[in-house]
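Peer 1: Supplied in structure tokens, the structure appears directly below.
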Amino acid sequence: MININVRQDFPVLSKNIYLDSACMSLKPRQVISKINEYYNEYPACAGRSSHKLSNKVNEEIYKTREITAKFFNTKKENVVFTRNTTEGINIIANSFKGKKILITDKEHNSNLLPWQRKCSLKILNSNNDNTFNIEGLNSNIKDVDLVAVNHVSNLDGVINPIKEIIKIAHENNALVSIDAAQSAGHHEINFKKLDIDFLSCSGHKMLGPTGTGLLISNKLNEIEPLNIGGGTVIDSNYNDYRYEEIPLRFEAGLQDYAGIIGLGEAINYLKKIGFDKIEKNELELNNILTEELSNEVELIGPEDYNLRPSIFSFNIKEFSSHDVAQIISSSRNICIRSGAHCVHSWFNKHKLEGSARASLYLYNDKNDINTFIEEIKKLIK
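Counting in my numbering, the sequence shown runs without a single skipped number right up to 383 at its last residue.
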């Protein structure tokens, strides 16, 4: 288990059991302090002025881009700051109008709708246990221009075999876009080693501030910016304009500098703890959940918790998912997600209204899990 002292960095845990990190992770004191540092000490624009406050912001933004690049093992020129995963995916989809895109039947709306609106879709059905269908990928990859797939499903926590997916796609001349919203803060992602084409993720799911995200790609010169305006051009006149260098041309307008700087601090925090400890903690806790509850509830996803370490998604007969969430919130201040989790397509396909979802992270401990189990068993009785 991770040292209990880490919980002291998250003040909200003193009064709550937080099991909703798949929606939004908590922010440690260090990240909040770094955000306040910006507003208190150098609350200025980056890339626009020459005074000392602006230079300090430039320095911090540059530092965060470098930290991020090293974190994902890529070049800093490949890192675009966005608002969230959704914006990153929309930027990519904007350059694939009319192309053939293959997605799974378990994609979040943010990895379905952008492609649905602009492209021709092939839907790859998951295996019966909700794991990724490699055989189906091999059968359906022909003539596909890009495979858009989540690394970790927010529906049930299943980890998809992205290394194998990328290999098969590239062998068939298809590119790959990875939705890493649920994985970037939980597992090491080696961008270069995995040979990823496009990756999008959100800062708010990896200890960072809301309104921050990342688009990482070594093919930014092959796609067009979604938004243009201030900060995206070197020069303009009434007839034409010249783009800024990559990645700046993708970062239109004044950015959320405090958020970006806070995201850099969140990445530093994750590096200090280490993914080996984070993964071990989640597996240990999900093991307890699965052993105690899998036979008592209707589990969504594979029974093997090793295949879905950070998420326990379930339903209880005679209770709606919203009822479950509200009851345990009122009784013991337990926070979980309920509903369709923005995966309406999968729930509609299976004629379900939604599910209750407990999601784990580095600050959860056995006391959290045991209290949650106790409250769920009360409902079942």
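All residues carry an ideal CB built from backbone N, CA and C; glycine is no exception. On a predicted model such as this, the values are computed, not experimentally measured, just so you know.
#1: Assuming Phe74 and Ile191 form a contact by the criterion Cβ under 8 Å, report the distance between their Cβ atoms to the nearest whole angstrom.
#2: In angstroms, rounded to a whole number, what distance separates the CA positions of Phe12 and Leu209?
#3: Does Tyr243 come out as helix, strand or coil in the three-state DSSP assignment?
#4: Under the assumption that Ile329 contacts Leu291 (Cβ atoms under 8 Å), give the Cβ distance between them as a whole number of angstroms.
#5: Below 8 Å between beta carbons: does that hold for Asp181 and Asn220?
#6: Among Thr70, Gln32 and Ile103, which has the Cα closest to the Cα of Ala176?
#7: Name the residue from Ile37, Ser16 and Asn42 whose alpha carbon lies nearest to the alpha carbon of Thr214.
#8: Look at the Cβ atom of Lys194, then the Cβ atom of Thr76, and state whether they are nearer than 8 Å.
#9: Flag this pair as yes or no: are the beta carbons of Leu139 and Leu148 separated by less than 8 Å?
#10: Put Leu196 into one of helix, strand or coil per three-state DSSP.
#11: Along the chain, where does the alpha helix (DSSP H) containing Arg339 start, and where does it finish?
#12: Beta-carbon within less than 7 Å of Leu196's beta-carbon, same chain only, minus the 5 sequence neighbours each way: which residues are those?
#13: Glu300 by DSSP, collapsed to three states: which one?
#14: Apart from the five residues just before and just after Leu354, which ones in its own chain have a Cβ nearer than 8 Å to its Cβ?
#15: Taking the alpha-carbon positions, what's the Gly401 to Tyr365 distance?
#16: Where does Ala46 sit, in a helix, a strand or coil, going by DSSP?
#17: Are Asp107 and Lys351 touching if we call contact CB-CB under 8 Å?
#18: Please list, in chain order, all residues of the same chain as Phe98 whose beta carbon is under 8 Å from its beta carbon, the five residues on each side excluded.
#19: Look at the alpha carbon of Asp158 and the alpha carbon of Asn369, and state the distance between them as a whole number of angstroms.
#20: Closer than 6 Å by C-beta to Arg411: which residues in its own chain qualify, once you throw out the five before and the five after it? Chain order, please.
#21: Check whether the Cβ atoms of Thr234 and Leu222 sit closer than 8 Å, and answer yes or no.
#22: May I have the straight-line CA-CA distance separating Tyr44 from Gly261, to the nearest angstrom?
#23: Could you compute how far the alpha carbon of Leu115 sits from the alpha carbon of Lys54?
#24: Can you tell me whether Gly356 is buried or exposed, with buried defined as 16 or more other CB within 10 angstroms of its CB?
#25: Sort Lys29, Ser296 and Ile161 by Cα distance to Ser312 and report the nearest one.
#26: Tyr363 by DSSP, collapsed to three states: which one?
#27: Out of Glu377, Ser35, Asn130 and Asn335, which one is the CA nearest neighbour of Asn433?
#28: By DSSP's criteria, Gly215 is part of a beta bridge. Which residues make up the other side?
#29: Buried or exposed: where does Asp258 fall if 16 or more other Cβ atoms within 10 Å of its Cβ makes it buried?
#30: State buried or exposed for Glu224, treating a residue as buried only when at least 16 other CB atoms are found within 10 Å of its CB.
#31: On the three-state DSSP scale, how would you describe Ala182?
Peer 2: In short:
#1: Reading the sequence shown from its first residue, position 72 is the one you call residue 74. Reading the sequence shown from its first residue, position 189 is the one you call residue 191. Correct: roughly 6 Å between the Cβ atoms.
#2: Stepping through the sequence shown from its first residue, residue 12 is reached at position 10. Stepping through the sequence shown from its first residue, residue 209 is reached at position 207. Each residue's alpha carbon lies about 10 Å from the other.
#3: By 1-based counting over the sequence shown, the position of residue 243 is 241. The answer is strand: DSSP assigns Tyr243 an E or B state.
#4: Start at 1 with the first residue of the sequence shown, and residue 329 comes out as number 327. Start at 1 with the first residue of the sequence shown, and residue 291 comes out as number 289. By a beta-carbon distance limit of 8 Å, Ile329 does not contact Leu291. Their separation comes to about 18 Å.
#5: Start at 1 with the first residue of the sequence shown, and residue 181 comes out as number 179. Start at 1 with the first residue of the sequence shown, and residue 220 comes out as number 218. By the CB criterion at 8 Å, Asp181 and Asn220 fall outside the cutoff.
#6: Numbered from its first residue, the sequence shown carries residue 176 at position 174. With distances taken between Cα atoms, Ala176 lies closest to Ile103.
#7: Position 212 of the sequence shown holds residue 214. Answer by Cα proximity: Ile37.
#8: Here residue 194 refers to the residue found at position 192 when the sequence shown is read from its first residue. Here residue 76 refers to the residue found at position 74 when the sequence shown is read from its first residue. Against a cut-off of 8 Å, the Cβ pair of Thr76 and Lys194 comes out as a contact.
#9: In the sequence shown, the residue the question calls residue 139 occupies position 137. In the sequence shown, the residue the question calls residue 148 occupies position 146. Leu139 is not a Cβ neighbour of Leu148, given a cutoff of 8 Å.
#10: The residue given as residue 196 occupies position 194 in the sequence shown. In the structure shown, Leu196 falls within a helical segment according to DSSP collapsed to helix, strand and coil.
#11: Against the sequence shown, residue 339 aligns to sequence position 337. Per DSSP, Arg339 belongs to no alpha helix (DSSP H); it is in the beta strand (DSSP E), Arg339 to Gly341.
#12: Position 194 of the sequence shown, counted from the first residue, corresponds to residue 196. The residues are Ile164, Lys165 and Ile168.
#13: Along the sequence shown, read from residue 1 onward, the residue named residue 300 stands at position 298. DSSP, reduced to helix, strand and coil, places Glu300 within a strand of the structure shown.
#14: Counted from its first residue, the sequence shown places residue 354 at position 352. Counting only Cβ-Cβ distances below 8 Å, and skipping sequence neighbours, we find Asn317.
#15: The question about residue 401 has no answer here: the residues shown for the chain are numbered 3 through 383.
#16: The residue given as residue 46 occupies position 44 in the sequence shown. The answer is coil: DSSP assigns Ala46 none of H, G, I, E or B.
#17: Numbered from its first residue, the sequence shown carries residue 107 at position 105. Numbered from its first residue, the sequence shown carries residue 351 at position 349. Yes. Within cutoff.
#18: Along the sequence shown, one-based indexing puts residue 98 at 96. The answer, listed in chain order, is Trp117, Lys120, Cys121, Asp147 and Leu148.
#19: The count along the sequence shown starts at 1 and reaches residue 158 at position 156. The count along the sequence shown starts at 1 and reaches residue 369 at position 367. Cα to Cα, the separation comes out at about 23 Å.
#20: This structure gives no information on residue 411, because the portion of the chain shown stretches from 3 to 383.
#21: Position 232 of the sequence shown, counting from 1, holds the residue named residue 234. Position 220 of the sequence shown, counting from 1, holds the residue named residue 222. One thing to note: Thr234 has its Cβ no nearer than 8 Å to the Cβ of Leu222.
#22: As a first step, residue 44 is located in the sequence shown; it is residue number 42 there, counting from the start. As a first step, residue 261 is located in the sequence shown; it is residue number 259 there, counting from the start. In this structure, the alpha-carbon of Tyr44 lies about 13 Å from that of Gly261.
#23: Your numbering for residue 115 matches position 113 in the sequence shown. Your numbering for residue 54 matches position 52 in the sequence shown. Distance between Leu115 and Lys54, taken at the CA atoms: about 43 Å.
#24: Taking the first residue of the sequence shown as 1, we reach residue 356 at position 354. By the neighbour-count rule (16 or more Cβ atoms within 10 Å), Gly356 is buried.
#25: Residue mapping note: residue 312 aligns to position 310 of the sequence shown, counting from 1. Ranking Lys29, Ser296 and Ile161 by Cα distance to Ser312 puts Ile161 first.
#26: In the sequence shown, counting from the first residue as 1, residue 363 sits at position 361. Coil.
#27: In this structure the chain extends from 3 to 383, so residue 433 is not present and cannot be described.
#28: Reading the sequence shown from its first residue, position 213 is the one you call residue 215. DSSP lists Thr84 and Ser204 as partners of Gly215.
#29: As a first step, residue 258 must be located in the sequence shown, where it is residue number 256. Classification of Asp258: buried, given that the 10 Å Cβ count is 16 or more.
#30: In the sequence shown, counting from the first residue as 1, residue 224 sits at position 222. Glu224 is classed as exposed because its beta carbon has fewer than 16 other beta carbons within 10 Å across all chains shown.
#31: Position 180 of the sequence shown, counted from the start, is the residue given in the question as residue 182. Ala182: coil per DSSP, three-state reduction.
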